[in-house]
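**Q** What follows is a structure written as structure tokens; I'll ask about it next.
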Amino acid sequence: MDLFNSGFGFFVSTAIVAGLSAFGGAYLKEYAKFQLLEEKQAQILEHQAKLVSQTEQIKSEFDFVKLALQHQSWIDEQRWQFRKDLFLELIEILLEARENALHIDALVLEAHKLAHSLTSGDEEPSVEVENLAENIMSDAYSKAEEIIADRLTLLSERLKILLNQKGILFLSNEAIHSISLFINSHRVWEEEELKDFASKVQRGELSYDDRPATGYDDYLFHYSSAATKSYRNIINIAKSDLQI
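Laid out in structure tokens, this is it:
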């Protein structure tokens, strides 16, 4: 009986120890899995945190770039507006110059027409009629010179000021050159007349002993030609520059 009890006790003890060992092994195994899962979870959370941080950084950089682009767009818009206002001012001045120059043309042509009507005919015109015709032409030339001095010269000065203050920074070389054609129209006209004279000499139509056949009327009419050319050119340049 004692032997049985002691054997049974040993068996029970062994079974308990074995059970505890098995339980402990299973527990440790599950605990190890749990620890591994926790570590993986921690790594996932850390990775997610990094992703969130990187995303926020990218978003911040994107917002900065967007703000910079908006700022640049605002600057470009202001430059466009400034150039538009500058072109409009130039066009307005050139249009006024053109209208005054065309008024000179009209004065001179009308005077010629009236003077010619007085002196033409079958009969020889009297001295009084000839004097009247000369006075008509003299009066027309005098008014034309007044327009040049009081209007065209002042308009040219306004264009010079605009080019020197603003145009040199914001206008293309093509635009500056186009406006300069009117500002320097008298010199340009003289150069073109000399070129035409040289061409006629080369063709044998004139000799070097001749002089360029330019009259006072040609001088007066060159203003309207120059103003019209500059006016049309600057409009085309403005449309291209402003993309309108």
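Residues in the sequence shown are numbered consecutively from -3, following the numbering used here. Virtual Cβ for every residue (Gly too), placed ideally from N, Cα, C. Please read all numbers here as calculations on a predicted model, not as lab measurements.
1. With ILE143 and ASN180 assumed to form a contact (beta carbons below 8 angstroms), what rounded beta-carbon distance in angstroms separates them?
2. From what residue to what residue does the alpha helix (DSSP H) around ARG147 run?
3. Please determine, among ILE240, HIS218, SER236, the residue with the shortest C-alpha to C-alpha distance to ALA140.
4. Restricting to Cα atoms, I'd like to know which of SER113, LEU110, LEU84 is closest to LEU158.
5. Between which residues of its own chain and LYS156 is the CB-CB distance below 8 angstroms, once the five residues before and five after are set aside?
6. Can you give me the C-alpha to C-alpha distance between THR224 and GLU92, rounded to a whole angstrom?
7. Between LEU103 and the ligand GTP, is there a pair consisting of the residue's CB and a ligand heavy atom that are separated by less than 7 angstroms?
8. Below 7 angstroms CB to CB, which residues in the same chain sit around GLU124 once its five sequence neighbours on both sides are set aside?
9. Assign GLY211 to one of three DSSP states: helix, strand, or coil.
10. Mark ARG75 as exposed unless 16 or more other C-beta atoms lie within 10 angstroms of its C-beta, in which case mark it buried.
11. With DSSP run on the structure shown, which of helix, strand or coil describes LEU(-1)?
12. With the cut-off set at 8 angstroms, would you say ILE175 and ILE230 are in Cβ contact?
13. Do ILE89 and ALA234 count as a contact pair if the criterion is CB distance below 8 angstroms?
14. Nearest-angstrom Cα distance between ALA136 and ASP72?
15. Please classify SER152: is it buried, with 16 or more other beta-carbons within 10 angstroms of its beta-carbon, or exposed?
16. Between which residues of its own chain and SER226 is the CB-CB distance below 7 angstroms, once the five residues before and five after are set aside?
17. Could you tell me the alpha carbon to alpha carbon distance between GLU186 and ALA129, rounded to whole angstroms?
18. Taking C-alpha atoms, which residue in ILE132, GLN68, ASP146, VAL61 lies nearest to GLU106?
19. Please tell me whether VAL184 and ALA145 are closer than 8 angstroms, where the distance is taken between their beta carbons.
20. Residues in the same chain with beta-carbon distance under 8 angstroms from ASN121, minus the five sequence neighbours each way, listed in chain order, please.
21. Using three-state DSSP, classify GLU35 as helix, strand or coil.
22. Quick check on the burial criterion: 16 or more other C-beta atoms within 10 angstroms. Buried or exposed for ILE240?
**A** In this structure, then:
1. Your numbering for residue 143 matches position 147 in the sequence shown. Your numbering for residue 180 matches position 184 in the sequence shown. In fact, because the Cβ distance is near 19 angstroms, the residues do not count as touching under 8 angstroms.
2. For the purposes of this step, residue 147 is taken as residue 151 along the sequence shown, with counting starting at 1. It is not in any alpha helix (DSSP H) - ARG147 carries neither H nor E in the DSSP assignment.
3. To locate residue 140, count along the sequence shown from 1; it is residue 144. That would be HIS218, whose Cα lies nearest to the Cα of ALA140.
4. Residue numbering aside, residue 158 sits at position 162 when the sequence shown is read from its first letter. The option with the nearest alpha carbon to LEU158 is LEU84.
5. The residue you call residue 156 lines up with position 160 of the sequence shown. Its chain contains ILE179 as the residues whose beta carbon lies nearer than 8 angstroms to that of LYS156, once the 5 sequence neighbours on both sides are disregarded; these appear in chain order.
6. Numbered from its first residue, the sequence shown carries residue 224 at position 228. Numbered from its first residue, the sequence shown carries residue 92 at position 96. Straight-line Cα distance between these residues: approximately 10 angstroms.
7. What this structure holds is no ligand at all, so the ligand GTP is not there to describe.
8. What you label residue 124 is simply residue 128 of the sequence shown in a count that begins at 1. There are no such residues.
9. The sequence position of residue 211 within the sequence shown is 215, counting from 1. Of the three classes helix, strand and coil, the one that applies to GLY211 here is coil, per DSSP.
10. By 1-based counting over the sequence shown, the position of residue 75 is 79. Looking at its Cβ environment, which holds fewer than 16 other Cβ atoms inside 10 Å, ARG75 is exposed.
11. The sequence position of residue -1 within the sequence shown is 3, counting from 1. Because LEU(-1) sits at a pLDDT of 44, beneath the cut-off of 50, its placement in the model cannot be relied upon, and the point is left open.
12. Sequence index remark: in the sequence shown, residue 175 carries index 179 (1-based). Sequence index remark: in the sequence shown, residue 230 carries index 234 (1-based). Taking 8 angstroms as the Cβ cut-off, ILE175 and ILE230 qualify as a contacting pair.
13. Reading the sequence shown from its first residue, position 238 is the one you call residue 234. Reading the sequence shown from its first residue, position 93 is the one you call residue 89. Contact: no.
14. Counting from 1 along the sequence shown, the entry for residue 136 is found at position 140. Counting from 1 along the sequence shown, the entry for residue 72 is found at position 76. Distance from the CA atom of ALA136 to the CA atom of ASP72, rounded to whole angstroms, is 50 angstroms.
15. In the sequence shown, residue 152 corresponds to position 156, counting from 1. By the Cβ-count criterion, SER152 is buried, with 16 or more other Cβ atoms from all chains shown falling within 10 Å of its own Cβ.
16. Locating residue 226 in the sequence shown gives position 230, counting from the first residue. If we look at SER226 and ignore the five residues flanking it on each side, its Cβ neighbours are LEU90, SER174, ILE175, LEU177, PHE178.
17. Your numbering for residue 186 matches position 190 in the sequence shown. Your numbering for residue 129 matches position 133 in the sequence shown. Distance between the alpha carbons of GLU186 and ALA129 is about 29 angstroms.
18. Here residue 106 corresponds to residue number 110 of the sequence shown, with the count starting at 1. Nearest option by C-alpha distance: ILE132.
19. Here residue 184 is taken as the residue at index 188 of the sequence shown, counted from 1. Here residue 145 is taken as the residue at index 149 of the sequence shown, counted from 1. Note that the C-beta distance between VAL184 and ALA145 is not below 8 angstroms.
20. For the purposes of this step, residue 121 is identified with residue 125 of the sequence shown, where counting begins at 1. One point to set straight first is that residue 121 is Pro, not Asn, in the sequence displayed. Taken in chain order, the residues that qualify are LEU114, THR115, ALA129.
21. In the sequence shown, the residue the question calls residue 35 occupies position 39. GLU35 sits in a helix when the DSSP states are folded into three classes.
22. What you label residue 240 is simply residue 244 of the sequence shown in a count that begins at 1. Looking at its Cβ environment, which holds fewer than 16 other Cβ atoms inside 10 Å, ILE240 is exposed.
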